[in-house]
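Going by UniProt numbering, 174 is the number at position 174 of the sequence shown; the sequence numbering is gapless.
The beta-carbon is built from N, C-alpha and C at its ideal position, and this holds for glycine as well.
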Amino acid sequence: MLRRSSELAHKQNPAEPILITQHNMNQRSADRVHGDRMDIDQAVETFDDQPPAAKRPKLQLVSPDASENVPVCQKNPGFMLQEAHPRQLDQNKKMVPDQEVDVGLDIRHPQVTLVSCHGSDEKIGAAQNTVIPGALNKIHCHVQQETVVADKESVTAVDVKKKTGSVDVTISKTGKPKVKGVSLMELFTPEQIHEHINGLRQWIGQSKAKAEKNQVIGYSESESLCQLCKVENLTFEPQPIYCSPCGARIKRNASYYTGSTAMGRLFFCISCYNASLGNTIEVELIKLSKADLEKKRNSDEPEEGWVQCDKCECWQHQICALFNARRNDVEEAEYTCFKCYIEEFKRGLRMPLPESVVRGAKDLPRTLLSDHIEERLFKRLREERQERANKLKTSLDEVPGADGLVVRVVSSVDKKLEVKPRFFKILQEDNYPAEFPYKSKAILLFQKIEGVEVCLFGMYVQEYGAECKFPNQRRVYLSYLDSVKYFRPDIETVSGQALRTYVYHEILIGYLEYCKQRGFTSCYIWACPPVKGEDYILYCHPEIQKTPKYLSMLQKAIKENIVVELTNLYDQFFVTAKECKIKVSAARLPYFDGDYWPGAAEDIINQLQLEGDGKLLKKGRVNKIITKRALKAAGHTDLSGHASKEAMLMQKLGEIICPIKDDLIMVHLQYSCSHCCTFMVSGRRWVCNERKSFYICDRCYNAEQRLEEKERHPSNSKCLHILHPVEIVGVSEDTKDRDIILENEIFDTRQAFLSFCQGYHYQYDTLRRAKHSTMMMLYHLHNPTGPAFVATCNVCNCDIENGQVWYCKDCPDFDMCASCYQKHGGANHHHKLTNHPSCAECNVQNKGAWQKHVQQVRVWLELALHASSCHVRNCQYRNCRKLKGLFHHGAQCKIRLTKGCKQCARMWYIIRLHSQSCRQSDCAVPRCRDFKSFERKQNQLSESRRMASVNERVRQRVAEVTRHE
């Protein structure tokens, strides 16, 4: 087998021929091990029989300053090696290093040429065992892919078909398996291909200046350009890095330290690193030795990957080609460029594949919620289209409409929200709940644009049902909402509203309508746009993005009687209405996960504890002191103990919220009592004939009747208003969700999905990238058991990049990276290791080997729960004593995970998996609470960045008011 390292590539003598014998290649073909992805090994490798490492579609690319030119072997009667992209052979341009791929070898008459493929998600695959008549077996190459392209006339076609699941694999003339759907363009007609290319060259999403610049480059006929978009090198947005202790974003070109722990990879800015005295640094009970940390510079500029046509050898960006490297996981599938595809189509040698080959958004599970939103949306769009046709006095068919829309719920899981400790301590005497159960849901909108489905809109919601305790009972929190401006057609409705905005508003109204039908009483919306450089759900927005507006949407919902009243958090809970008979209290505030005020309240309470009752100091300046006398003047009577702290908390919190109260929207889906502010879901409501906005519940009406006439509604008025009853009907007794549970680790939280997109460079800043990102998102949604997040190698304790993992079918806690597998060949583990399944086997493997692997993980998680609470010395539960011994070892081990202890790595892996699914606040599994505490800390740091943008807006608005005064 031929394997060459990057060091050997630099030392290669250009004039020296490379000799490869048929015997060596056939021998290597028999012994090779299929791989998924692989890491670079800088050591010089030889032509030995060491098994190759798995390949890696996802790469860590170096910056332009770090790249070097690699010498190239000149032509000779045998072979020519190209160490870089073909267009780089005669130019001093940067190459794309740090990648390992395979070599395909075949006989070419009269001469053989080797070419290479580069990219972060490049078309790669392991060698195949199929022997093609007249051709040599394929061999692997470490560092780059060197494909020996065979002359079409010199290869005997082999008509071999392997039926694996629902994926057909055909061996082509070039000797490569033709995996169907490796590129979405295989589903296109020639007309759709030309439409896709025209869309690429418009650079939708970029500013006008950048788009025109790229279009000017496209007029060039240089061979170094992508054949599709007509631009050469394109770089991704650098992945944001945040300091683990302080949460600050590490600036570009700034130095930082990083290290891997049982909790995951941690990052430290220079300030936090220097502030930690001694030889260790601590984050949330995690201690790291500074000697184990690696110093790096945040200067990476990852480039987009390339893919080469196996027929004409032209090069295209993988994103432009809609190439899915995950479907080419192991096998080196044949890729055909658009020119060769159209030529074969004209000659009758190829037809577009059916859409069923690549599962899309419509194939995702449907739910009652998604069906309700879709039904409403399509009905409203038909009505809107008819209105435009009537205005133009033309037929409906001649008016453009929004087509190809799909709404799906991609995550629906039960969660628990724990109340922050300082706030809970103040209210625990009032029997305030320590936690609130809720259901988290993620809802997405897709539209097929130029033949490709694009995710345009997403939102995360929290549903607190009837079983939840007050004050969260029957409430909904619209926690995050995000969209990108690619909707088609880009036209306006009859009212002048953009059709895109019309669709997004109908989705929101449809969701509110669904919640009202289920019996929810109110919805809370925190309308806070992200600060520049930050994202909520979709990673990296286009430069032409605009901030969404909610008021017009809610006014429309009021006209449809879906919303009965519109207010805000401040007016609802911090201001006492004229006839409201309930006091201002923090216990009435709805408490949501990730909301603004709980974090602000925790900070205020901390300041009160540090500075004393009401004495707040800030940078040596005395702020306005909130005294008990001032609180009494504001209407607070009970100022003893925790009541005093609660009153001061509400006073200060109200001062903070008041300037931004319009951003904290309260939507009433049911009527609330004007006296006790309780939402009325049964019985009768008593409505005033004179003031239609006044209505009280049965309980308050009975209390009203016991009062003297002068004290009744309206108070302090000479005339008496008559109240008449209205029966409350149509409100469900419970809010039980009859939809299925949809668990998906990618969409479990908005931060999980955002991190997932950042790690894979799934960006939405241009339409071309949004197409590819959505294609890959849908692939992962349809393959939920495939590898998605970074695991940790049990040998070197380093993070394993996606797809590079070798796992053990017998030990669910063992994973090995490709680099360690390359060095040790699996000798560090006593069982056989298997890498991830090929694309041709994905449908079978995901339900077979991977489902078995998942089942084994579940068995270990059940065992962890049992072993942590088992006190039987000779317990007969399978592996109970073994796991208890593992826990005991973790408590006594001196080597620890960071020094390479395999048993510690095994233990931490099991605990980490358990903590991700654990919902118990008092879990007995060792360190489970530490893992969850660390996860909460990271989420708090993420939310603090959102709060920082709010605080900035508060300062700006206060400054504006001061100037006007």
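Q609 counts as exposed, since fewer than 16 other C-beta atoms from the protein chains shown sit within 10 angstroms of its C-beta.
Following the DSSP letters along the chain, one finds H668 inside the beta strand (DSSP E) bounded by residues L664 to H668.
Taking C-beta atoms under 8 Å as the contact rule, I657 and L664 qualify, at a distance of about 7 Å. Taking C-beta atoms as the reference points, E186 and N233 fail to come closer than 8 Å.
Listed in chain order, the beta strand (DSSP E) runs fully inside the segment 692-726 are 695-697, counting runs of at least 3 residues.
Taking 8 Å as the cut-off, the beta carbon of S370 is found closer than this to the beta carbon of R408. As a beta-bridge residue in DSSP terms, N835 pairs with W806. Secondary structure of D397 (DSSP, three-state): helix.
When only Cα atoms are considered, P471 and L589 end up about 6 Å apart. Fewer than three pairs of CB atoms, one per stretch, sit closer than 8 Å, so the segment 270-286 makes no contact with the segment 320-327. Of N939, G890 and R906, the smallest CA-CA separation from Y536 is found for N939.
For K425, the enclosing alpha helix (DSSP H) has its first and last residue at P421 to L427. Contact check for R685 and Y671: beta-carbon distance about 6 Å, within the 8 Å limit, so the pair qualifies. Here the alpha carbons of K549 and D300 stand approximately 36 Å from one another. In the three-state reduction of the DSSP assignment, T576 falls in the coil class. In this chain, T367 is not harboured by any alpha helix (DSSP H), its DSSP state being neither H nor E. Spanning the alpha carbons of M263 and S819 requires a straight line of approximately 22 Å.
Straight-line spacing of the CA atoms in A586 and N568 works out to 16 Å. Cβ-Cβ distances below 7 Å link Y762 to Y539, S773, M776 and M777 in the same chain, with the five nearest sequence neighbours on each side left out; the list follows chain order. Between L886 and R906, the CB-CB gap stays under 8 Å.
Secondary structure of G264 (DSSP, three-state): strand. In terms of Cβ geometry, V399 and R382 do not form a close pair [threshold 8 Å].
In the three-state reduction of the DSSP assignment, E534 falls in the coil class, being assigned neither a helical nor a strand state. For the 8 Å CB-CB criterion, V681 and T521 form a contact.
Bridge partners of A498 according to DSSP: E492. When the Cα atoms are used, F236 and N253 turn out to be separated by approximately 16 Å. Per DSSP, H914 is one residue of the alpha helix (DSSP H) stretching across K902 to S917. Sixteen is the threshold: since fewer than 16 other Cβ atoms of the shown chains lie within 10 Å of the Cβ of S693, the residue is exposed. The straight-line gap separating the alpha-carbon atoms of A211 and G401 is approximately 27 Å.
For K416, the enclosing beta strand (DSSP E) starts and ends at L405 to E418.
In this structure, the beta-carbon distance from V406 to K362 falls below 8 Å.
Just measuring C-alpha positions, the residue of Y779, G259, Q607 and I895 sitting nearest V410 is Y779. Look at V216 here: in three-state DSSP terms it is helix.
The DSSP-derived three-state label of P437 is strand. A straight-line Cα-Cα distance of about 8 Å links C893 and C904. Here Y477 is not near Y514, since their CB atoms are 8 Å or more apart.
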